[in-house]
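Student: Using numbering that gives the first Met the number 0, you'd call the opening residue of the sequence shown number 0 and step up by one each time. My questions all concern the structure below.
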Amino acid sequence: MIQTLAIIKPDGVKRGLIGDVIKRIEEHGLRIVAMRMMLLSKERAEFFYAAHRGRKFYDSLTSFMCSGPCLAMVLMGENAIGRWRELMGETDCTQAAEGTIRRDFATDIQKNVVHGSDSEAAAIFEISCFFNRFEISA
Ligand code: CDP
Ligand code: MG
0 MIQTLAIIKP
10 DGVKRGLIGD
20 VIKRIEEHGL
30 RIVAMRMMLL
40 SKERAEFFYA
50 AHRGRKFYDS
60 LTSFMCSGPC
70 LAMVLMGENA
80 IGRWRELMGE
90 TDCTQAAEGT
100 IRRDFATDIQ
110 KNVVHGSDSE
120 AAAIFEISCF
130 FNRFEISA
């Protein structure tokens with residue numbers, strides 16, 4: 000059983016997409032084992048996305064991520080990392096497959112509604128940014 004970090008980004012929260020996203024997660028058989036809504040500071044957004052430091056979109060991405068509350072979740076299940084990324088679809092919504100969250104809801108490459116860890120190492124780091132072990136009901 001693998002855990003991954005999922006975030007409904009500020010655009011998704013603002014547009015009232017929490018219910019739609021959670022419905023897809025549950026219908027897909029992924030278990031939500033932790034959940035928290037929070038407004039990130041710019042410093043925390045920069046720490047979370049430190050792997051992207053230096054990329055041309057880093058500053059606008061981290062500003063966007065603290066433009067309103069996010070809903071962070073830990074998802075658990077077999078191949079949870081890959082299955083959640085499959086549900087999300089490609090980063091660029093114009094390239095995302097039909098039926099994916101980003102294809103159905105994203106408005107551009109940045110405001111793409113959801114985040115998901117891309118590896119086990121990333122999942123461990125990213126989960127630790129939002130939750131301690133007593134907050135995960137695995
Ligand atoms: O989120 P994902 O892992 O699919 O993509 P990423 O390459 O790790 O990029 C992280 C986030 O940066 C994306 O989800 C977008 O919100 C944003 N991004 C952007 O604003 N402009 C780009 N050219 C690429 C990504
Ligand atoms: Mg990524």
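C-beta atoms are modelled at their ideal positions from N, C-alpha and C, and glycine is treated no differently.
(1) To the nearest angstrom, report how far apart Gly81 and Gly67 are at their CA atoms.
(2) Within the same chain, show all residues whose beta-carbon is closer than 8 Å to that of Glu119, passing over the 5 residues directly before and after it, in chain order.
(3) So, using beta-carbon positions, are Arg102 and Val112 closer together than 8 Å?
(4) Taking 8 Å as the cut-off, does the region 72-91 touch the region 49-63 (at least 3 CB pairs, one atom from each stretch)?
(5) With DSSP as the reference, identify every bridge partner of Thr3, one or two as the case may be.
(6) Am I right that Leu16 and Ile6 are in contact with their C-beta atoms under 8 Å? What's the rounded C-beta distance?
(7) Just checking Asp91 against the ligand MG - is the residue's beta carbon closer than 7 Å to any of the ligand's heavy atoms?
(8) Whole angstroms is fine: what's the gap from Ala33's alpha carbon to Phe133's?
Tutor: On the basis of the supplied data:
(1) 27 Å
(2) Ile1 and Ile80
(3) no
(4) no
(5) Leu74
(6) Actually they are not in contact, since the Cβ atoms of Leu16 and Ile6 sit about 12 Å apart, beyond 8 Å.
(7) no
(8) 10 Å
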